[in-house]
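Asker: Attaching a single structure in structure tokens format; questions to follow.
Residue numbers (the working numbering), protein chains in the order written: chain E, 1 to 898; chain V, 1001 to 1154.
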């Protein structure tokens, strides 16, 4: 609109301009900006700049009329008119005065004439004087009548008088004649003067002319100023009907506007508002301004700043309104845009600061968690050493008191280790580092193993049972490690709070629960509901809500009585939720509790053996195929020989490690027995089987034909929890045990230097490790990544592999998995499948060794991603945290190279 | 300079490296590995570390200056540097690398740039200090003295 205006201004001024406020292409040339109510047909009026040419009085008649009837109007015009009136009045007054003088003189003359007639009553005939002014003629006539009446009276008188002297009359006649002559002369002059006066009257029209010129100039000025302005002006009567409009919308003819109200002319938004506004101004009698946005079919959306003032006539009565509207659409749009921008800006700023805050908090949290994890990790290593040493100490000759103290020490150490593991787990889940693995497993076996493990450490007279519904698939896919962790945790929890009766696991298939989203639903998935129930002390209802909170137990009382960190259930809940399930609890005080978790699984085909070997062979007894095992739906474990295991620390086991799954019955381990001083019953206890019970890995495996049974040690039955520590402890154990040393004579170790493979990509690390090895008296082979390691393992029979976790090409975890897969299956299919280029030349050599489990020790950095759990889960036997020190290396070699 | 004095200043200097946290006990491990059969072990390893680190830092600078930073490339470098520095006991470089990796994980380019500067700073610090240390050692050896064994325990 604005730019339109600017371009339009270039046009000639005196041509008829359609205001740029309105579209150029509507309206007719004949229509004008000025529209004054007047008889149709006389349309071209005020709008013309060259008024002089077309001026007719009719054009201006209505406007002055309007101006005359109102107080307002152009002040200039009013002044001009007033001046003109004043001048007219003045002229009239002058004339009147002159007339008065003349009339007086005439009266004098008449009076004198009358006197003469009285004196000479013979003269009856009056001179017929032409009346100069009509106004005075009747007076004159009346006067003449009177004169005639008097004359009649005087005749009589005159007749009575004497008319004797002629000379006297002659004299009289002469003087009278003279007077008459003078009178006639005056009369003539008077007529002359009158004529002159008339002329002056005519010359009085000169100010009028001037006035007209002024008016024309004023009008021209206004028109010149206004012709391109985006302004609409109008006058409306008190019914708000237009009497006058300037710069109307071009397509409207004046008969469309004049005499009509806004609502009659326009339709759409804003029209009513403007009408109401005008009415309001009219009623209140006060001029005011308002911005109104119109939404009409005629000219679309336009915003006008409207000024309305009431108009009064001279009697101070309202007779209508004047209104002036300026189109401000662009300004309003800009203003609104600015306001919106400002608002957006403010919002953005607020959001920014909010974000910064969030980022800050997140960073802080991340840092805190990272620190916690690192700390935990750092604490764990030395603590493992403490506990390990303590355990070694327990194998030495101790008196009763020392043993008791040592047992407290060990169990406390285990507790702290457990707590640290829990914290690590939690921080892993919370920081999203915890990754779920999809592996095939047999739910029945998992339940059985969990119960077996629990039974192994059972100190109470409890029955453990497992009940699996027939419809539960034999093979499902899920993160078996985590599921076991949950189950073990819940079971140990149940056992902890149960003193008599039973604790059990029940599995059944259920339909898709309501909390699951639809997208998870597909044909192959199945929802299994797992109940872990007990007949224990139960949980009061008010304690249920905080049950799954971190570091919370049902009550402080319980915490004192039963110990524990209160992290177990929180971890369970988080793990279950991570897997897309839900963990709930129902409980009755003194009757027992039931923890229920519902999880989705994918159903796997049971005959898909090639795949599950490398994935879940640890969990499933491939080497001991009991037909019952896969389909059996009920297991029961009762504590055999009463409570045999009393030496254990608190029952914990959420860190169940698959490769240490103890499948053998506890009894089988009991080869030697040590009197347990802590047993108050005095019953001779076959506590730990450190010495005699230890089996060489291969022996153990052969003896029980059980691939899972490597390194079954008493530690397992004692405490499943001290998993990280246990491997180190065991090593120390075997080293320090004299009987063990007698037993350890395997060919490899006697004949030659043990063969060690270091898998590491960092040259400096290699150099340092090599040098350390050298100092310890060993040499070793180097592989730079997982693929090289697999090839090296394939070609050479190693006694120990030190495996970096994070490496290019193939990381240590995967390499270990593939090596384990080979050990299980006797072939490198899995590795080939994974894209490793296996040179098949010497494959026979590897086959020989396939039943042995190659010790693989991880070398981890202290990061969440390289946690020990993951190492164990991938089949590693132990780990050394980096940087490698002589001491760590020495311990490791002692443990594995006997 | 008197030999005894040199030995004393070497000891003090080494001590200051530990006190400043430039080196940690892992460096002692290296020193322990140095014996008659391998008299230049520490300087060999450290030299290798310098060569390796110079290359890594160069690669890192290049990678981070790319229009689109490929964090898959950056992270292994940082990991490598972290492993090396950890192995020789360049504690402050290692710590800077830990922070660096966090930013890699977050794919925070700005943070990575800052960390790279920090890592470089720490790296040049340790390089400078170690070079001085070796110079001192060489002077002692040139004067026919023995390198005093570092005591464990601080």
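Cβ coordinates follow ideal geometry from the N, Cα and C atoms, glycine included.
On a predicted model such as this, the values are computed, not experimentally measured, just so you know.
On the CB-based measure, 16 or more other CB atoms within 10 Å of its CB, does residue 352 of chain E come out buried or exposed?
Answerer: Residue 352 of chain E should be labelled exposed.
Asker: Since residue 882 of chain E and residue 1085 of chain V are thought to touch, with beta carbons under 8 Å apart, how far apart are those beta carbons, to the nearest angstrom?
Answerer: Not quite, the Cβ-Cβ distance comes to about 11 Å (not below 8 Å), so this is no contact.
Asker: Going by CA-CA distance only, name the one from V:1009, V:1094, V:1062 that's closest to residue 1022 of chain V.
Answerer: Residue V:1094 is the option with its Cα nearest to residue 1022 of chain V.
Asker: Taking 8 Å as the threshold (C-beta atoms), are residue 1042 of chain V and residue 1090 of chain V in contact?
Answerer: Not in contact: residue 1090 of chain V and residue 1042 of chain V (Cβ atoms no closer than 8 Å).
Asker: Please list, in chain order, the chain E residues whose beta carbon lies closer than 8 Å to that of residue 1045 of chain V.
Answerer: Under the 8 Å cutoff, chain E gives 764, 767, 768, 771.
Asker: With a threshold of 8 Å between beta-carbons, can residue 1088 of chain V be considered close to chain E, or not?
Answerer: True, the Cβ-Cβ gap to chain E drops below 8 Å.
Asker: Is residue 600 of chain E helix, strand or coil by DSSP?
Answerer: In the structure shown, residue 600 of chain E sits in a strand (DSSP, three-state: E or B).
Asker: If contact means a Cβ-Cβ distance below 7 Å, which residues of the stretch 871 to 898 of chain E contact chain V?
Answerer: Flagged, chain order: 882, 883, 885, 886.
Asker: For residue 1127 of chain V and chain E, any beta-carbon pair shorter than 8 Å?
Answerer: Not an interface residue.
Asker: Could you check which residue in E:373, E:765, E:779 has the C-alpha nearest to that of residue 884 of chain E?
Answerer: Nearest C-alpha to residue 884 of chain E: E:765.
Asker: How about residue 795 of chain E and residue 761 of chain E: are their beta carbons less than 8 Å apart?
Answerer: No, these two residues do not count as a Cβ contact at 8 Å.
Asker: Quick one: give me the first and last residue of the beta strand (DSSP E) that residue 266 of chain E is part of.
Answerer: Per DSSP, residue 266 of chain E belongs to no beta strand (DSSP E) and is neither H nor E.
Asker: Does any C-beta atom of chain E lie closer than 8 Å to the C-beta of residue 1095 of chain V?
Answerer: Taking Cβ atoms only, chain E never reaches closer than 8 Å to residue 1095 of chain V, which makes this a no.
Asker: Could you tell me which residues DSSP pairs with residue 583 of chain E in its beta bridges?
Answerer: In the DSSP output, where bridge partners are listed per residue, residue 583 of chain E has E:597.
Asker: Under a three-way DSSP split, which group does residue 84 of chain E fall into?
Answerer: DSSP places residue 84 of chain E in helix when its eight states are reduced to three.
Asker: If the criterion is Cβ atoms closer than 8 Å, does the pair residue 120 of chain E and residue 172 of chain E meet it?
Answerer: Yes, they are a contact pair.
Asker: I'd like to know whether the C-beta atoms of residue 505 of chain E and residue 487 of chain E end up nearer to each other than 8 Å.
Answerer: Taking 8 Å as the Cβ cut-off, residue 505 of chain E and residue 487 of chain E qualify as a contacting pair.
Asker: Note down, in chain order, every chain V residue with its Cβ under 8 Å from the Cβ of residue 775 of chain E.
Answerer: The answer, in chain order, is 1032, 1033, 1035.
Asker: Between residue 109 of chain E and residue 183 of chain E, what straight-line distance do the alpha-carbon atoms span, to the nearest angstrom?
Answerer: Cα to Cα, the separation comes out at about 6 Å.
Asker: Nearest by alpha-carbon distance to residue 280 of chain E: which of E:304, E:238, E:268 is it?
Answerer: Of the listed residues, the one whose Cα sits closest to residue 280 of chain E is E:238.
Asker: Quick one, which residues of the stretch 781 to 813 of chain E are near chain V if we go by CB-CB under 7 Å, in chain order?
Answerer: Result list: 806, 808.
Asker: Where DSSP assigns a beta bridge to residue 325 of chain E, which residues make up the other side?
Answerer: DSSP, once it has assigned bridges, lists E:232, E:306 as partnering residue 325 of chain E.
Asker: Interface residues of chain E around residue 1063 of chain V at Cβ under 9 Å?
Answerer: Under the 9 Å cutoff, chain E gives no residues; its nearest Cβ is about 15 Å from residue 1063 of chain V.
Asker: Does the stretch 432 to 446 of chain E come within contact of the stretch 471 to 478 of chain E, defined as at least 3 CB pairs closer than 8 Å?
Answerer: Result yes; three or more Cβ-Cβ pairs closer than 8 Å.
Asker: Considering only the alpha carbon of each residue, which of E:543, E:512, E:596, E:590 lies closest to residue 531 of chain E?
Answerer: Nearest of E:543, E:512, E:596, E:590 to residue 531 of chain E, Cα basis: E:596.
Asker: Please list the terminal residues of the continuous beta strand (DSSP E) segment that includes residue 244 of chain E.
Answerer: 242 to 246 is the span of the beta strand (DSSP E), which, as asked, contains residue 244 of chain E.
Asker: Between residue 373 of chain E and chain V, is the shortest Cβ-Cβ distance under 8 Å, so that the two count as touching?
Answerer: No, residue 373 of chain E does not count as interfacial toward chain V.
Asker: Would you please verify whether the beta carbon of residue 1011 of chain V is less than 8 Å from any beta carbon of chain E?
Answerer: With 8 Å as the cut-off, residue 1011 of chain V does not count as an interface residue toward chain E.
Asker: Measuring CB atoms only, is the stretch 535 to 545 of chain E touching the stretch 581 to 589 of chain E, in the sense that at least three cross pairs come out at less than 8 Å?
Answerer: Yes, since at least three Cβ pairs between the stretch 535 to 545 of chain E and the stretch 581 to 589 of chain E fall closer than 8 Å, the two stretches touch.
Asker: Are at least three pairs of beta-carbons, each pair with one atom in the stretch 777 to 792 of chain E and one in the stretch 811 to 825 of chain E, less than 8 Å apart?
Answerer: Verdict: yes, contact present.
Asker: Tell me whether residue 276 of chain E sits in a helix, a strand or coil according to DSSP, three-state version.
Answerer: Here residue 276 of chain E sits in helix by DSSP.
Asker: Using a beta-carbon distance below 8 Å, is residue 1040 of chain V in contact with chain E?
Answerer: With 8 Å as the cut-off, residue 1040 of chain V does not count as an interface residue toward chain E.
Asker: Considering just the uninterrupted stretch of the alpha helix (DSSP H) at residue 424 of chain E, what are its terminal residues?
Answerer: Residue 424 of chain E -> alpha helix (DSSP H) spans 400 to 430.
Asker: Which value, in whole angstroms, describes the spacing of the CA atoms of residue 1055 of chain V and residue 1048 of chain V?
Answerer: The straight-line gap from Cα to Cα measures roughly 11 Å.
Asker: Leaving out the 5 sequence neighbours to the left and right, which residues in its chain are closer than 8 Å to residue 1057 of chain V when beta-carbon positions are compared?
Answerer: The answer, listed in chain order, is 1081, 1116, 1119, 1120, 1123.
Asker: Let me confirm a value: residue 528 of chain E is counted as buried when at least 16 other C-beta atoms fall within 10 Å, else exposed. Which label applies?
Answerer: It is buried - the Cβ of residue 528 of chain E has at least 16 other Cβ atoms within 10 Å.
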